[in-house]
Amino acid sequence: MRVCIIPARGGSKRIPRKNMKSFLGKPMLAYAVDVARQAELFDAIVVSTDDEEIAALAASLGVDVVARPASLADDFTPTVPVIAHAIETLQTSGKAVKTACCIYPSAVFVQPADLRLAYQQLLQDNLAYVFPVTEFASAPQRALMRTESGKMQPLFAGFAGQRTQDLIPAFYDAGQFYWGQVSAWLAGDNIHQHGYGMVIPHWRVVDIDTPDDWRRAELYYQVLQHEITR
351 MRVCIIPARG GSKRIPRKNM KSFLGKPMLA YAVDVARQAE LFDAIVVSTD DEEIAALAAS
411 LGVDVVARPA SLADDFTPTV PVIAHAIETL QTSGKAVKTA CCIYPSAVFV QPADLRLAYQ
471 QLLQDNLAYV FPVTEFASAP QRALMRTESG KMQPLFAGFA GQRTQDLIPA FYDAGQFYWG
531 QVSAWLAGDN IHQHGYGMVI PHWRVVDIDT PDDWRRAELY YQVLQHEITR
């Protein structure tokens, strides 16, 4: 079976209760559930959480819940063991999971077409993982650092004399979703070291970690919805 696993812990620090907070009138978690359904790919949608309120919200949205232990719900727990735990829990209950897609609950810009395209790529090339990446808007090799006195210095001095157009393009994880083979999840394979990057435009990427990110995401989302419906 193909399963969508949404990891939604309760202990968000920078935006308290982020996964339950209303984003333009709807709980943040509901966006991930909705896009998983719209993709029409999954045999099951599961929320992995350590939080009773989030579990209740997930149930009200009509999806299954995997109780996550506290040992996998702190600020330092990476994604892979969380998804592996959910897969193992499903397998213990008799579910034959073959592929699993982790969708982050705060990734409100995930597109159903991206989920379908990434899944196709996963199977077509027999990849361990497929996930969206986007190009840095400015070359990171030319980054500057600011000293205590306010003086600016190159962060990477070796690139200071190179033209931007001569630098190798650099990408970063869009932080939206990860399609993976069950064997990769359970083996604990690092996503960034074993994954295929599917490039998406950077105007569809907002990592919502701070109140400023939240406001910017709401503005972007409203503009995109206007473009889609006009």
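Going left to right, the sequence shown walks through residues 351 to 580 as the numbering used here numbers them. All C-beta atoms in this analysis are idealised placements derived from N, C-alpha and C, irrespective of residue type, glycine included.
query = Roughly how many angstroms separate the alpha carbons of alanine 409 and glycine 508, rounded to a whole number?
reply = 54 Å
task = Could you tell me which residues DSSP puts in a beta bridge with leucine 494?
result = Pro504
request  = Could you work out which residue in Ser421, Ala382, Gln474 is closest to valine 413 when comparing CA atoms only?
outcome  = Ala382
inquiry  = With a threshold of 6 Å on Cβ separation, who are the neighbours of aspartate 559 within its own chain once the five nearest residues in sequence on each side are excluded?
reply    = Arg364
key: Cross-strand partners of aspartate 523 (DSSP beta bridge)   = Val483
task = Please classify threonine 429: does DSSP put it in a helix, a strand, or coil?
result = helix
query = What are the boundary residues of the alpha helix (DSSP H) that methionine 378 is part of?
reply = 378–389
request  = Tell whether a beta-carbon distance below 7 Å holds between aspartate 393 and arginine 367.
outcome  = no
key: Neighbourhood of lysine 445 by C-beta, 8 Å cutoff - its chain only, sequence neighbours within 5 removed   = Met351, Val353, Ala394
inquiry  = Can you tell me which residues form a DSSP beta bridge with glycine 361?
reply    = Answer is none; glycine 361 lacks a bridge partner.
Among Tyr522, Phe459, Ala434, the one whose alpha carbon lies nearest that of alanine 489 = Tyr522
query = Taking the continuous alpha helix (DSSP H) assigned at alanine 537, which residues delimit it?
reply = 532–537
request  = May I ask which residues mark the beginning and end of the alpha helix (DSSP H) holding alanine 420?
outcome  = No alpha helix (DSSP H) holds alanine 420; DSSP gives it neither H nor E.
task = Measuring alpha carbon to alpha carbon, tell me which of Gln572, Arg565, Val573, Gln531 ends up nearest isoleucine 433.
result = Gln531
Validate contact between the stretch 529–549 and the stretch 483–497 using beta carbons, cut 8 Å, 3 pairs = yes
ask   = Below 8 Å, can you find three or more Cβ-Cβ pairs linking the stretch 398–405 to the stretch 369–382?
value = yes
query = If we call anything under 7 Å between Cβ atoms a contact, is valine 385 one with proline 504?
reply = no
ask   = Whose C-alpha, out of Leu440, Ile356, Asp464, Glu390, is nearest the C-alpha of arginine 554?
value = Asp464
ask   = Do proline 428 and isoleucine 356 have their C-beta atoms closer together than 7 Å?
value = no
query = What's the C-alpha gap between alanine 478 and proline 519?
reply = 24 Å
request  = State the start and end residues of the unbroken alpha helix (DSSP H) segment that holds alanine 406.
outcome  = 402–410
Test item: CB-CB of valine 416 and valine 430 under 7 Å = no
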